[in-house]
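Going by our numbering, the first residue of the sequence shown is number 335, and it counts up by one from there. Beta carbons: idealized from backbone N, C-alpha and C, even for Gly.
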Amino acid sequence: NAPTPASALLRGPDGDGSGVVSNYDLTYLSFGAGVQSTALLAMCVLGESGFPRPDVVVHARTQSELADTDRHLEFMCAWCAERGVQVLLPTAGSLEDAQLGLVPSRANGFTVSIPAFTESGGMLRRQCTRHHKVEVITRAIREHLGLLPGQRAGKLRVRALLGISADEADRMKPSRESWIENAWPLV
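Following this line, the structure appears as structure tokens:
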């Protein structure tokens, strides 16, 4: 499914710009704990005009976060709880342990590859985002919705709020899941 511009997703059913969209079964915010996703989280939870309130916030734990990131995540989880917003913290295990070969590789023989650069500045192939974040978040959302492993989402419609800003618009991609529609309210 092609990405829908955030401006279209944020209009009300009558196109009135109210920010009320009722055609989703669930809206979640993918929280990476960086600048953009923190700004998005604050604007959505505080009810800023045109920013939809998420039903749930999800942060995929790599178990290899920096101490500052962990402190910020802990603060934001408490901040969300004070405002009645649930935060899910799923994990696929330690990214660092996977990279160092301390845990078995995936069943298909795949090993985790992190962003690494060549001497000429090119980036090597990587999968850590997909395997340690995207798939983990999708699995957590499926569980949150009560879907069993292998069960189809059917007619469920889910909106994912992603903290991507205009300067990184090249990262705006449609979801790999037909039942999840990505939205980028900061763009």
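Self-check item: Length of the line joining the Cα atoms of residue 515 and residue 402
Solution: 31 Å
Exercise. Inspect the beta-carbon positions of residue 393 and residue 407 and report whether they are closer than 8 Å.
Key: yes
Quiz item: Shortest alpha-carbon distance to residue 399 belongs to which of 425, 521, 505 and 480?
Solution: 425
Exercise. Identify whether residue 485 lies in helix, strand or coil by the three-state DSSP scheme.
Key: coil
Quiz item: For residue 400, which residues does DSSP report across the bridge?
Solution: Answer by DSSP bridge pairing: none, since residue 400 is not bridged.
Quiz item: So what's residue 382 in DSSP terms, helix, strand or just coil?
Solution: coil
Quiz item: Expressed to the nearest angstrom, what Euclidean distance is found between the alpha-carbon atoms of residue 365 and residue 389?
Solution: 13 Å
Quiz item: With distances taken between CB atoms, is the gap from residue 405 to residue 379 smaller than 8 Å?
Solution: no
Quiz prompt | Rounded separation between residue 386 and residue 454 - CA only | solution = 43 Å
Quiz item: With 16 as the cutoff for other CB atoms within 10 Å, does residue 505 come out buried or exposed?
Solution: exposed
Self-check item: Contacts around residue 358, its chain only, beta-carbon distance under 6 Å, and the 5 residues preceding and following it disregarded
Solution: 491 and 493
Practice problem: Kindly give me the distance between the Cβ atoms of residue 498 and residue 468, rounded to whole angstroms, as I take these residues to be in contact under 8 Å. | Solution: With a Cβ gap of about 14 Å, residue 498 and residue 468 do not count as contacting.
Quiz item: To the nearest whole angstrom, what separates the beta carbons of residue 367 and residue 422, a pair I think is in contact under 8 Å?
Solution: Contact doesn't hold; Cβ gap of about 14 Å is too wide.
Quiz item: How big is the Cα-Cα spacing for residue 413 and residue 376?
Solution: 9 Å
Quiz item: Does the distance from the C-beta atom of residue 495 to that of residue 487 stay below 8 Å?
Solution: no
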